[in-house]
Every structure is written in structure tokens, then in C-alpha cells.
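Protein sequence lines correspond, in order, to chains B and F.
Positions in the first sequence are counted from 1; adding 2 to them yields the numbering used here.
Positions in the second sequence are counted from 1; adding 1 to them yields the numbering used here.
To keep things clear, I will list the structure first and then write my remarks on it.
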Amino acid sequence: MKCRRCKEPAVVALPSHNSGFCGDCFFMYFSRQVDKAIRSHELFSREEPVLVAISGGKDSLALLLELHSQDYQVTGLFVDLGIPDSSDLARAKVEAFCAAHGLDLQVVETAAHGLAIPVVKKAVRRPICAVCGKVKRYYFNKVAMDQNFAALATGHTLDDEAGRLLANTLRWDGPYLSDQGPRLEAENGFARKVKPLFRLTEFETAVYCFLKGIDYHMSGCPYAQGASFPVLKEAMADLEEKRPGQMLSFYLSFLEKGKPAFTAMEKEQGADLAPCVECGYPTSAGTCGVCRIKAQVADAGGI
Amino acid sequence: MIHVTLEAQAEQIELENVKSVVALLNKLKRKPARCLVIREQEGGDQLLTPDAQLRYGDRIRIRDVSSRG
Ligand code: SF4
Ligand SMILES: [Zn+2]
Ligand SMILES: [Zn+2]
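In C-alpha cells, the structure reads:
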């Protein structure tokens, strides 16, 4: 296979774009997709400071490096959850990566707030991943708000977004459908949330990381449970293989034709948010989810 | 014969009579868009497209893209 642009041997085949690229032309393609995503939805400008949520996985590291190389003002934020044999390994990779590329990085240790995930796991009855996700999102938002970042960027790819859209559509979940998209406005104490990789697949971020020599965190979390979401993500990937380009058109058509209706509906029916009485984080329940988790941990003798 | 490392399973296997990346992926029941196929070689590992031919003695790594992290 030859590169579509320069006719050198291709190293990556992209059936959805009916083409293949050599390494250099692939980087050009990747950068253009990110640029198009940012400009088409006005995610942020080069004058605005952007906080990038970093897990240590391929997508978030690729995002941080690519935005930096496009001269955006980015700072990475890694939330260290204190999970044995996982958080420390991911953190070491993130720190080495940021140091090697001269990238700004902040780290929040949830243990310092009484919320090391192993302690939380003992204190709460709900599945730990739901609780852990809540804690992570809380600190990503809190740092973005406290330090006046214009936006919080996450490494969600087209696979994540299309898979989630499929899940939300199967349930016709109005509130979730109204919130889905590459840009979610700042409101009620929430930072603007943006997803600059929404036009790129996981395969493409994996290729990017390989070609850039990014050593990302691959081993899973010891608490990972099989959730229904990856099943749908796989289903979407199967569909994409049979009909290349379907995943992007499903998502883009939703943004154009489906989302406005759900957004209008939620404006009328959505829950009212007010600052948490304990910490000021937006919530519809008086005390926010994270403060309630803290209380449960304290009751269980964790703090 | 080619040597294949499945990174996600930390497993190594050897296969006979596999002449192309497509044939290798079929044998391993993997889809081209769900994994990277990497040829180990001196001077830097190389990514292979599905149509690439494999050579006797090739050392190949399969890196699934959806491994969590
Ligand atoms: S697998 Fe679950 S517990 Fe582990 S980091 Fe992810 S959300 Fe948290
Ligand atoms: Zn080229
Ligand atoms: Zn609170």
C-alpha cells in the first residue's frame, strides 16, 4: 500500500477515509482532524488556557502532546487515585512523558482528601467504578474552576463518543443525549468541557502514540469490571468495519439533527443545580456526590 | 515460521504458513482496526498495513488498541 499523499510506502491503512498514509503524512492528517474539530465547534482558542485530563492512557497523552505542538496553552492534570499496582505506574509514565516533552503537569492525590480509592471501595456499597469516576470528574472540574482554566479537555475519541451515543440512544436517555457532544458549555459551576479528538478513532491515537514513541500506560486497573459500555463500543467498531465511515457519520448526524431537540427538551425539564452546601460543587441534591462519599468513608472509620 | 507476541495476553506463539498481515489477523481472530501489527527490526520497529507480506523469521507484536488505561 502506498501513501495517498506522497506515494511512499504506507504504514497505516484508514478504510474510513479510503486511504493509507506514511508516518509524516499520517501526522499531518491527525493534526488536521484535531484542528477541524477545534475550529468547527469553537472548542477553545490559542489565547485560552486549557486543562487536559490525563489518565496515562494513549488518548489523553496523544491529546496533550498534539495540542501543545499546535501551540495551544495546555496543562495536564493527573488525578492519582491511590490504586495499588496501577495509579503509581500510570503516574510514573505521565510524569516521564511530560518531563520529556516539556509539558506542564499538575497532580492531585485523592488520598490527601481522604479519598484513596481502596479506602472508598471498603466504605461504599455501590460499584467502585461509578464512584471512582465521580471522584475523578470532581477533581478535574474543581481544578479547572479554581484555577480559571477556560476549558477542560478530555481524550474521548470517536469510538468513545459513538459508543456512548449508541448506549444513550438504545435507552432514549434525554438528559444524556442533550449533554453529548464535543463542547459542553460552562454553567452552574461546571467548566466548559471539550473533546478535541472526537473525529479520530482509538486506532488512530494508538498509531499516533506508536509513531511518536509515546510510552503510555497499558495495564488495566485491578478493580475494572466488565461494563455494558465497551460491548456497545465493540459493536460500533464491528459496524465500522463493515461500513467504513459509519461511526463518524452517525455521530456528526446526531450533532446536527438529533441533539438540538434533546437540548431544547432538557431546557424545559432539566434538574435545577445549586452549589453543594459542604464544598460549593454544583449538585441537585443539597450535598454533592463526593461530599456524600467522604461522609460514608468517615462513617466507616476511613478518615 | 513467524514469531508473534500478543502484548495484551503477554503470550508468545509461533505460526507456520502465514504469508500476510491479513492472514495473520484472520488466524488470530482480530480486526485490522482494533490492533497494531508491529514488525520488530533493527533500527526501529515498523507498523504494517493489512496488505503487507510477512517474511520467514519475522518477529511480530500485536498491540490491541482497546486495552484499557
Ligand atoms: S477501572 Fe474503575 S476503579 Fe479502576 S480506575 Fe477505572 S473507574 Fe476507577
Ligand atoms: Zn506520505
Ligand atoms: Zn460537595
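All residues carry an ideal CB built from backbone N, CA and C; glycine is no exception.
By a C-beta neighbour count over all protein chains shown, 10 Å radius and 16 as the cutoff for buried, is residue 22/B buried or exposed? buried
Are the C-beta of residue 32/F and some C-beta of chain B separated by less than 8 Å? yes
Rank 55/F, 26/F, 45/F, 47/F by C-alpha distance to the C-alpha of residue 7/F and give the top, closest one. 26/F
What residues in its chain sit with their C-beta under 7 Å from that of residue 152/B, if we drop five residues either side in the sequence? 46, 50, 51, 52, 194
Quick check: what's the CA-CA separation for residue 70/F versus residue 2/F? Residue placement at residue 70/F is poorly supported in this model, since its pLDDT is 38, which falls under 50; the coordinates still yield a value, given next. Answer to the nearest angstrom: the Cα atoms are 33 Å apart.
What does DSSP give as the partner residues of residue 21/B in its beta bridges? 16/B
Within 7 Å: the Cβ of residue 10/B and any heavy atom of ligand 2? yes
On a Cα-Cα basis, can you pick out the residue from 45/F, 37/F, 41/F that is closest to residue 64/F? 37/F
Could you check which residue in 7/B, 242/B, 234/B has the C-alpha nearest to that of residue 29/B? 7/B
Please identify the residue among 293/B, 191/B, 71/B whose C-alpha is closest to the C-alpha of residue 276/B. 191/B
Ligand 3 and residue 283/B: does any heavy atom of the ligand fall closer than 7 Å to the residue's C-beta? yes
If you follow the alpha helix (DSSP H) that residue 291/B is part of, which residue opens it and which one closes it? 291 to 301
So residue 12/B contacts chain F; which residues on that side make the cut at Cβ distance below 7 Å? 50
Tell me whether the beta-carbon of residue 92/B lies closer than 8 Å to the beta-carbon of residue 58/B. yes
Please state whether DSSP places residue 189/B in a helix, a strand or coil. strand
Meets three-Cβ-pair contact criterion under 8 Å: the segment 169 to 182 of chain B and the segment 74 to 92 of chain B: no
Following the continuous alpha helix (DSSP H) through residue 158/B, name the residue where it begins and the one where it ends. It is not in any alpha helix (DSSP H) - residue 158/B carries neither H nor E in the DSSP assignment.
Beta-carbon of residue 1/F versus every beta-carbon of chain B: anything under 8 Å? Only positions 2 to 70 of chain F appear in the structure, and residue 1/F is not among them; the question remains open.
Identify the contact partners of residue 242/B in chain F, using a Cβ-Cβ distance below 9 Å as the criterion. 34
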